[in-house]
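Trainee: First the structure, which I've put down as structure tokens, then a few questions once you've had a look.
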Amino acid sequence: MRCLRQLFLASLWCATSWALHESDVGVVDWHSKLIGVPLHGSIHIAPIFHDDLVLTATSNNVLAALNTSDGAIVWRSIYEAADPIMLFKIHGNTVTSLSGPGGATLRAFDIPTGHLLLEKRLHNPLNGRLHEPSNLGTSVIHLERGQDDAPRVLALTNGDTIRSINSVTGETEWTWNSPDQGSLIMYSQVIVDHSTVYGIGLAKSVASYTLHVTALSISSGEVTASVNIPANIADGLSDFLGVSAGSGSAVTPCIAWLEQGAIKAALLKPDLKGQIMAIPALKYKSIVDVGLTRNGQFMAVKDDGAAQVLHLDAQTSSLRPIWEFAGSTPSKAQSESIFMGSLDANGEPRIARVYWSNAHNKAVHQTFAAQLAEGKGSTSGFTFPFETQVHGVFSQIAFDGVSTGKGNSSTRMLLTTTTGAVQLWQHDKMLWVREEALATIQVAEFVELPEKKIIGSHVGLEEETFLERITRQFSDAKNLPQYLLSFATRFATGSYATVSASAASSEDTLSRDAFGFRQVIVAATSHGKIFGIDSSNGKVMWSRVLGLGWAKKVGGTIVPVKMFVTRTVSDGETPQVMLVVQRRATNSLVDTVLFHIDALTGADARQDAPPTVGDILEGVDVISGPLIDAFMLPTANKTLAFLDEFLQVRLYPDTAASLAEFETLAPSLHFALRAGSAGQRQILGHQVTLSPDLSQFYVAYPTWSITLLAGEEIIALIPNTRGDVASVGKVLGNRSTLYKYLNPHLTAVLTSTLADSPPTCSVYLVDGVKGSIVYHASLPAAEGKCDVQAALTENWLVYQYFDDEYAGVGQSKGHHVVSVELYEGRGADEKTRSSDITSYSNKTLELNVYEQTYVMPHGITALAPTSTKFGVTTKDIIVSSRKNSVQSIPRRLLNPRRPKQKPTTEEMEEMLVQYDAVLPDDPRLILSHNYEVANVRRIVTSPSLLESTSLVFAYGLDLFFTRVAPSSTFDVLSENFNKAQLVLTVGGLVIAIMVTKPMVAKKRLKERWYQ
Amino acid sequence: MVFISLAVVLLASISLISALDIRGSVLWNDLCPDYDTLGATRVILDAGKQYGSITRNGNFSIPDVAPGTYVLSVLAHDFVFEQMRVDVSDSESIPEVRSYIFGTPLTSHSAVKLSYPVVLTPRHKNKYFMPRESFNLLGMFQNPMMMIMVLTGVMMLGMPYIMKNLDPQTLEELQGRQAKVASIQSSMQSGDFKSGLSALLAAEDEPKTALASARSPNSTTPQQRKTGKGSRRR
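Protein sequence lines, in the order shown, are assigned to chains A and B. Just so you know, the first sequence maps onto residues 1175 to 2185 in the numbering used here. Just so you know, the second sequence maps onto residues 133 to 366 in the numbering used here.
Here you go:
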């Protein structure tokens, strides 16, 4: 039955739609696989080298292995958002991670292949304690193989539980729970020697913290001793370290802490008896873990800022400073140093220091190696040309100690910069760079490219002599042979521009292809960088660092809010975009900044633009305060209007002309804004007015309000996607017409009421002028969250949710897609001219609603309708599923007027197919085919020059671009057009004529003779 | 309503106490022989808040599942697995696994009960691409339009020979009929309906006359032939 249905649908789909061929892969689409920006801030999560790979955990919650030679992703494992990676540790060929609140889940991966070896839940994430930083109270230690040869791993989770787990079978060998369940003592570190596990915790005493150590037997987990060390730790979290030195059975564990400016240490023995040592005569500010604590080394910063390396000697059991980095005191001449430790090929610790030197205008790398036998150490250094104007400042380094040998020439390190770039440096050469900021795109828009310009040299034609003209014409004719050649080849081979050909051009010039498939995708990321991406191949054409303006001195972050294409190719000249961002300075001041950018080059497009320095682009502060909303006025000048927190309207460009434009538009401006305090939200409709006694600007005032239910929160306001509407009605089979309800002020509102029982989500369609609710649906909030996605285009609303109320009417749990269409009047042939009538008319609410619900086998993370130049082509819905693929759902299947019974002839004439709740899971509808497009957050569609074809760009973790033709490419010669058949037929006819001609002539002659 | 909320609270409290892990494994087959082919895959319950990942040896475990009825589905990028219905009653008894056909009511009891631990079988591999239509000479001639064309061509070439071998009488008859039809057609085309109609009527009469006229010559032809033959003999 199901097969039959699928067969039917497949055949139906084959007949109507456009298919992907294997040869189109990589030609019509591209995919760029990303991992996100590596996490920094903790040594347990920092990138680490392992043979030819570098392993990293990223802010997109991905654990990945990159190839060090070319930067390719060898494997990646994407964690759920609710399961953040806390730490990862490498041991042999295994990497073990703890993730989720309090380290709820333990996973082990095979490093060369990325295969998941083990997944084990240690505690329920709901019981996980939330700490700041979040990975506090978690730790993983791989144990050396014991007598039974079972690889074991020790995991400290939630700050109170230590487990010994067989890392092959996942069996827990023993569990130790802190007797007070973590309420008094928060265990945060674990160190081991050959027989004992030491859990080091922090106990809160009256004024400061003290340390608490519990010793457990490594084989049984029994407590052998427990002691409270009267350390007087002020800061608590970062001021103590468990350090161990030596190997095998001669491991010397020790804890070191900072107590009122002095570093003290205590050696740990199984009975926990011993003396506290102190490093005399030196005052310290902080201690720093550089990842060498199991090799007896860590760093401490002295009171004056100088960084020292401290070493725990296993033989003498003494802790002492062995090296001080020269010039590491903070100064104006250099940036703050970043330190990172690693082991070299012989297992000896190495410490790298990287800083930016203002004096040399270069980055400096130093490697420290201790020569312990002689009781001293040495450093060797080099400078490398880091491009701080392009990539910002480095925020973290990973350092490959194995690559350090006699010289520095092969020293490798991985730099993570504040703009989200990941760079691998070998000595002073950058081997590769990955722009991982692209995994954090906030806003993206398509911008059309201009046509190729034909440059003529027709200047000063009047006073041209004959000779000059001849030379000019000859020079103009230099392209003629090339043109003739291309014409001839085109004529002979028939290689015209086809829709399945790549839109990328071999030339360097930025110009569009024949069908406008090549456009620029301008994408702004949350790492303060904006990219121009070539839509034909996914290459970054330009990138700019967004400047912080005055906040440069204090530092801050830039959050892109909206992007507008203010000038397109059709307006002449180069296309431009305006990016509106919120700048949050570290001193908590928020400003709204606008960047005006040339979309083709990324240059500053302001007329009075100051000369730029390097790659940094400076913006204009339009509001010194947060932004409420921004929109583009539908006028020729494309003026932007901003609403500040006092609802004053600011304009950009702020000229007399744009103000005059705004004045004429002001009476007809309506917009809906979120309002109200938490728990009592409202949607307020606004208009603008000028009241000179209030403000010099136009001020918005509320005109209507929709008060939501108590506890109902607004998730999103989704405006109607603007685009040409080709037909205002739908002609039915019986020759009557349903007129589309095309209210231009329609806005979809998604809300959640999670406090209710049962929790619900809602979808509203609101008229933005008078606040009337046109459509409302209440949906179940499955699993306690509102995962509703919606798209609104013309008169068509599509939304999806998960229904878990299987006991009710539907009797099925599943992902539901609801298709809603609004038509004017109460029935067919009724017309209210909804697109043109005044919104104050009573007729705006005269409409009828068709809706149908369909079920999908898998969840959806984003959905968007396709868009084409004139809106003639049917609109398919592009969705990204939780199976990490992007697929299209044909409009025919989502038509809310599909008949419930066998379609009548009239309905067949309308091409309606019988209603079937199941949307087919046809792999041929999957646009992303073999590509894994993970965690798509948004899908952007854009028209091309071909009416039939729409461009689709999906972003999230990965980037994916393709083009779709929902009604097949009706405006170009079909790809399947059989040129050979045509030629053969014509040829056959010619031969037939040649054969029959003499026959006919012979016959004629014969007739003449015998008549 | 109160009852329902009470039930929810009760259920929630139960879920804290009794929860169980749903275990299972992938049955490797020819379609999907190993972990490398399958790729990183998650097994989810309902919308995916509870999940387990498939490890290299094909096993998975979804931890801490509260009592209830769930739909178990597999998020594999390239392979299609069947969905299953899993009923967890309490932490002691093993969960009931039933086959579940997507899109059918969940509560139908006729479904086949499957073994526990759950066994997942890759059913088919996604085929994303359509083969490109290539030029095929045979296929081209199998096209009915093409066949009609070829037939007409053959007829055109072969007609004179058929005519030649045909009986002169039949030929005459045929020609007569053809001429009549042609005259009707031409008169119709020229808009002379009246004559066209009369010609048509005449054509209706014609079979009889034709039959009659055909009979008389028919009776004579053998004789004529005979005489012809006879004269030759003479």
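We put the CB at the ideal spot given by N, CA and C, even for glycine. Quantities reported herein were computed from a predicted structural model and do not represent experimental measurements.
Let me know the secondary structure DSSP gives A:Lys1506 once reduced to three states.
Mentor: A:Lys1506: coil per DSSP, three-state reduction.
Trainee: Tell me, to the nearest whole angstrom, how far the beta carbon of A:Ala2002 is from that of A:Thr1927; I am working on the premise that it is less than 8 Å.
Mentor: Actually they do not touch by this definition, with Cβ atoms about 37 Å apart.
Trainee: Would you call A:Asp1745 buried or exposed, if buried means 16 or more other Cβ atoms sit within 10 Å of its Cβ?
Mentor: Exposed: under 16 other Cβ atoms inside 10 Å.
Trainee: Compute every distance between the C-beta of B:Glu304 and the non-hydrogen atoms of the ligand ADP, then say whether any falls below 8 Å.
Mentor: As far as ligands go, the structure on display features none, and thus does not contain the ligand ADP.
Trainee: When DSSP labels each residue in this structure, what does B:Phe273 get in the three-state scheme?
Mentor: Of the three classes helix, strand and coil, the one that applies to B:Phe273 here is helix, per DSSP.
Trainee: Check the Cβ of A:Phe1976 against every Cβ in chain B and list those closer than 8 Å, keeping chain order.
Mentor: Going along chain B in sequence order, the residues near A:Phe1976 (Cβ under 8 Å) are Asp178 and Ala179.
Trainee: Would you mind telling me which residues of chain B sit closer than 9 Å to A:Glu2181, beta carbon to beta carbon, in chain order?
Mentor: Neighbours of A:Glu2181 on chain B: none; closest Cβ ~12 Å, over 9 Å.
Trainee: Applying a beta-carbon distance threshold of less than 7 Å, which residues of chain B neighbour A:His1289?
Mentor: Per Cβ cutoff of 7 Å: Tyr167 and Arg188.
Trainee: Closer than 7 Å by C-beta to A:Trp1716: which residues in its own chain qualify, once you throw out the five before and the five after it? Chain order, please.
Mentor: Excluding sequence neighbours, A:Trp1716 sits near Gly1706, Thr1775 and Gly1776.
Trainee: Excluding the 5 residues flanking B:Val313 on each side, which residues of the same chain have their C-beta closer than 7 Å to its C-beta?
Mentor: Cβ within range, chain order: n/a, list empty.
Trainee: In chain order, which continuous runs of the beta strand (DSSP E) of length 3 or greater are located wholly inside the segment 2034-2078 of chain A?
Mentor: Runs of the beta strand (DSSP E) inside the segment 2034-2078 of chain A: 2034-2039, 2051-2055 and 2059-2063.
Trainee: In the DSSP assignment, find the beta strand (DSSP E) that holds A:His1990 and state where it starts and stops.
Mentor: Start and end: Gly1988 to Glu1998.
Trainee: So which residues on chain E does B:Gly285 lean against when the C-beta distance must stay under 8 Å?
Mentor: Reference to chain E is not applicable here, since the protein chains of this structure are A and B.
Trainee: Tell me whether A:Met2085 sits in a helix, a strand or coil according to DSSP, three-state version.
Mentor: It is coil, neither helix nor strand.
Trainee: Specify whether the segment 1847-1863 of chain A and the segment 1872-1883 of chain A touch according to this definition: at least 3 beta carbon pairs, one from each stretch, less than 8 Å apart.
Mentor: Enough Cβ pairs lie closer than 8 Å, so yes.
Trainee: Starting from the Cα of A:Phe2151, find the closest Cα among B:Val175, B:Arg264 and B:Leu303 and give me that residue.
Mentor: Measuring from the Cα of A:Phe2151, the nearest candidate turns out to be B:Arg264.
Trainee: Do A:Leu1763 and A:Gly1793 have their beta-carbon atoms positioned less than 9 Å apart in this structure?
Mentor: For A:Gly1793 and A:Leu1763, no; Cβs fall outside 9 Å.
Trainee: Between which residues of its own chain and A:Thr1331 is the CB-CB distance below 6 Å, once the five residues before and five after are set aside?
Mentor: Once the five neighbours on either side are set aside, the close Cβ partners of A:Thr1331 are Gly1276, Gly1277, Leu1296 and Thr1312.
Trainee: For B:Ser225, list the residues DSSP reports as bridge partners.
Mentor: None, per the DSSP bridge assignment.
Trainee: On the DSSP bridge assignment, give the partners of A:Cys1935 in chain order.
Mentor: Paired residue(s): A:Ser1926 and A:Leu1953.
Trainee: If you draw a straight line from the alpha carbon of A:Ala1246 to that of A:Pro1933, how long is it in whole angstroms?
Mentor: Those two C-alpha atoms are separated by around 44 Å.
Trainee: Where DSSP assigns a beta bridge to A:Thr1699, which residues make up the other side?
Mentor: In DSSP, A:Thr1699 forms a bridge with A:Ile1615.
Trainee: Sorted by chain position, which residues of the same chain lie with C-beta nearer than 6 Å to B:Met216's C-beta, five sequence neighbours on each side aside?
Mentor: Cβ within range, chain order: Leu204, Val229 and Tyr232.
Trainee: Step through the CB atoms of chain A and report whether any lies within less than 9 Å of the CB of B:Lys296.
Mentor: No - not a single Cβ of chain A is within 9 Å of the one on B:Lys296.
Trainee: From the DSSP output, which residues share a beta bridge with A:Pro1893?
Mentor: In the DSSP output, where bridge partners are listed per residue, A:Pro1893 has A:Thr1921.
Trainee: So with Cβ pairs under 9 Å, would you call B:Arg230 a contact of chain A?
Mentor: B:Arg230 does not count as touching chain A.
Trainee: Count Cβ pairs between the segment 2040-2059 of chain A and the segment 2069-2084 of chain A that sit closer than 8 Å; are there 3 or more?
Mentor: The segment 2040-2059 of chain A vs the segment 2069-2084 of chain A: no contact.
Trainee: Compare the C-beta of A:Val1314 with all C-beta atoms of chain B and state if any pair is closer than 9 Å.
Mentor: With 9 Å as the cut-off, A:Val1314 does not count as an interface residue toward chain B.
Trainee: Spell out the partners DSSP gives A:Gln1597 in its beta bridges.
Mentor: In the DSSP output, where bridge partners are listed per residue, A:Gln1597 has A:Leu1589 and A:Val1607.
Trainee: Would you call the CB atoms of B:Asp222 and B:Pro199 closer than 9 Å?
Mentor: For B:Asp222 and B:Pro199, yes; Cβs fall inside 9 Å.
Trainee: Rounding to the nearest angstrom, what Cα-Cα distance links A:Leu1292 and B:Pro237 in this structure?
Mentor: So the two alpha carbons sit approximately 35 Å from each other.
Trainee: Could you pull out every residue in the same chain whose Cβ sits closer than 7 Å to the Cβ of A:Asn1761, ignoring the five residues on either side in sequence?
Mentor: Excluding sequence neighbours, A:Asn1761 sits near Val1728.
Trainee: Would you call the segment 1606-1620 of chain A and the segment 1230-1249 of chain A touching, i.e. three or more CB-CB distances under 8 Å?
Mentor: Output reads yes: the segment 1230-1249 of chain A touches the segment 1606-1620 of chain A.
Trainee: Tell me A:Ser1879's beta-bridge partners as DSSP assigns them.
Mentor: According to DSSP, which records beta bridges pairwise, A:Ser1879 is partnered with A:Leu1858.
Trainee: May I ask you to list the residues that DSSP assigns as paired with A:Lys1294?
Mentor: Answer is A:Leu1280, bridged to A:Lys1294.
Trainee: Identify every run of the beta strand (DSSP E) within the segment 1772-1817 of chain A, keeping only runs that are complete inside it and at least 3 residues long; order them along the chain.
Mentor: 1794-1797 and 1801-1806, all fully within the segment 1772-1817 of chain A.
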